[in-house]
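Just remember that the working numbering sits 1 ahead of the position in the sequence shown, which is counted from 1. Cβ coordinates follow ideal geometry from the N, Cα and C atoms, glycine included. The structure presented is a predicted model; accordingly, all values stated were derived computationally and were not measured. What follows is a set of notes on a single structure, which appears directly below.
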Amino acid sequence: MPLFENHVGVSLSLDKIRLVELVYSDNEFVLENVDEESFEDKLNISSIDKNFFNILQKSFLEITTRRALKSKNISFSLDPEFFKLFKVPFDNTLLQKDLSEHLKWEFTKLHPKLSADDYLLQNIELKKRENFPVNFTVVLCLNKKYVEAIQRLCKSNELILRYVDYSHTSADVLLRFNKSLKGLNGLSIYKSNESYSFTLLDDYKPAELIKRKLIDNKLPIDEIKNELSTIMVNHPGLSSFLYAFISGVNIDQKEIDEMNNSLNIKFKRKNPFNEVKLSDEISSLTGLIENPIEYTPAIGIALRLF
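Now the structure itself:
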């Protein structure tokens, strides 16, 4: 994809599609579309929904009927519920083909009733621990049926699919625009409908990436506290977290305050609309959005190429 082309970013949760569009105009990218649409039926991840394409297509057309897209390029960010995730040690001298076969083997060990060939496996190499001899990678596993439905959607709407990514990874793209964080370590939490994901970042690069279930639709603070204690033990050179950000859906200030008090960390919500130039019309619309952080993955994936 050429650097200066319009780009649509879409984030998918279990119950909603959110869309943004960046348009290149007068030597800069401008946000010219922000919209969302709830699905008629909440998606069921326990079984691949045969109706996934129809649900997605209907909601997508509702948005594009209200405002036609100017872009041909589109990328999708999917919430943690869509993915299986595991962490394994690996040999970083392996050729890509050999690494792919090794990760498929690891997948089969963890999920003996599933076929690794039915999944797209993307590995994210974790930053190596100080004085630790083993390299680790986190593997994101996405059922190919979801990707096939997204590809079908793109073909039906004459769009070019560029990327399909993990929502938390997309959200963390925006942290790179904060140059004051360069060289520092910090935390990032992403909350979705039924799960949460958190990363330990070191100079923007993931040193840990963990996905867990919510408890009663809330972030399990005690569980997170234990996870952070384990991280501190596994990273002996780490004495504190110099920043902490939270994004995702269904996050209220009370929940953030509880986390801050319990973990002694000050989590901040990063408004993604502050990272891009807004058209005059969109500027007035974004002020009406109750929870701007819900658009963080969509804007992050749209900015990924720029």
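Practice prompt. From the DSSP output, in three-state form, read off residue 79 for me.
Written response: Here residue 79 refers to the residue found at position 78 of the sequence shown. Three-state DSSP puts residue 79 in a strand.
Fill in: Local Cβ density within 10 Å of residue 81, reported as buried at 16 or more and exposed below that
As a first step, residue 81 is located in the sequence shown; it is residue number 80 there, counting from the start. Counting Cβ neighbours within 10 Å, residue 81 comes out buried, since at least 16 surround it.
Fill in: Buried versus exposed call for residue 69 [16 or more other C-beta atoms within 10 Å across all chains shown]
Your numbering for residue 69 matches position 68 in the sequence shown. Classification for residue 69: exposed.
Fill in: Start-to-end residues for the beta strand (DSSP E) that takes in residue 262
Stepping through the sequence shown from its first residue, residue 262 is reached at position 261. Note, residue 262: premise wrong, no beta strand (DSSP E); alpha helix (DSSP H) at 254-264.
Practice prompt. Would you give the residue range spanned by the alpha helix (DSSP H) that residue 103 belongs to?
Written response: The count along the sequence shown starts at 1 and reaches residue 103 at position 102. Counting along the chain, the alpha helix (DSSP H) containing residue 103 begins and ends at 97-111.
Worksheet item: Contact check, residue 24 vs residue 31 under 8 Å by CB: the rounded distance?
Response: Start at 1 with the first residue of the sequence shown, and residue 24 comes out as number 23. Start at 1 with the first residue of the sequence shown, and residue 31 comes out as number 30. The pair is a contact, with the Cβ atoms about 5 Å apart (cut-off 8 Å).
Worksheet entry | CB-CB length for residue 207 against residue 127, believed under 8 Å | Stepping through the sequence shown from its first residue, residue 207 is reached at position 206. Stepping through the sequence shown from its first residue, residue 127 is reached at position 126. Yes, they are in contact, since the Cβ atoms of residue 207 and residue 127 sit about 6 Å apart, within 8 Å.
Item to complete: Figure out for me which residue from 283, 60, 108 and 86 has the closest Cα to the Cα of residue 214.
Response: Numbered from its first residue, the sequence shown carries residue 214 at position 213. When each option's Cα is compared against that of residue 214, the closest is 86.
Worksheet item: If we ignore side chains and look at the alpha-carbon of each, how far apart do residue 91 and residue 210 end up?
Response: Stepping through the sequence shown from its first residue, residue 91 is reached at position 90. Stepping through the sequence shown from its first residue, residue 210 is reached at position 209. The alpha-carbon atoms of residue 91 and residue 210 are separated by roughly 16 Å.
Worksheet item: Distance, Cα to Cα, residue 15 vs residue 45?
Response: If you number the sequence shown from 1, residue 15 lands on position 14. If you number the sequence shown from 1, residue 45 lands on position 44. Rounded to the nearest angstrom, the two C-alpha atoms are 8 Å apart.
Worksheet entry | Cβ contact check for the stretch 181-196 and the stretch 104-124: 3 or more pairs under 8 Å | no
Worksheet item: For the stretch 169-189 against the stretch 91-105, are there 3 or more C-beta pairs whose distance is under 8 Å?
Response: no
Practice prompt. Would you mind working out which of 10, 245 and 124 sits nearest residue 19, comparing C-alpha positions?
Written response: Stepping through the sequence shown from its first residue, residue 19 is reached at position 18. Among 10, 245 and 124, the Cα nearest to that of residue 19 is on 10.
Worksheet item: When you compare each of 117, 47, 42 and 26 to residue 72 by their alpha carbons, which one comes out closest?
Response: Your numbering for residue 72 matches position 71 in the sequence shown. Per the Cα distances, 26.
Practice prompt. Could you check what DSSP says for residue 38 in three-state terms: helix, strand or coil?
Written response: Walking along the sequence shown from the start, residue 38 turns up at place 37. In the structure shown, residue 38 falls within a strand segment according to DSSP collapsed to helix, strand and coil.
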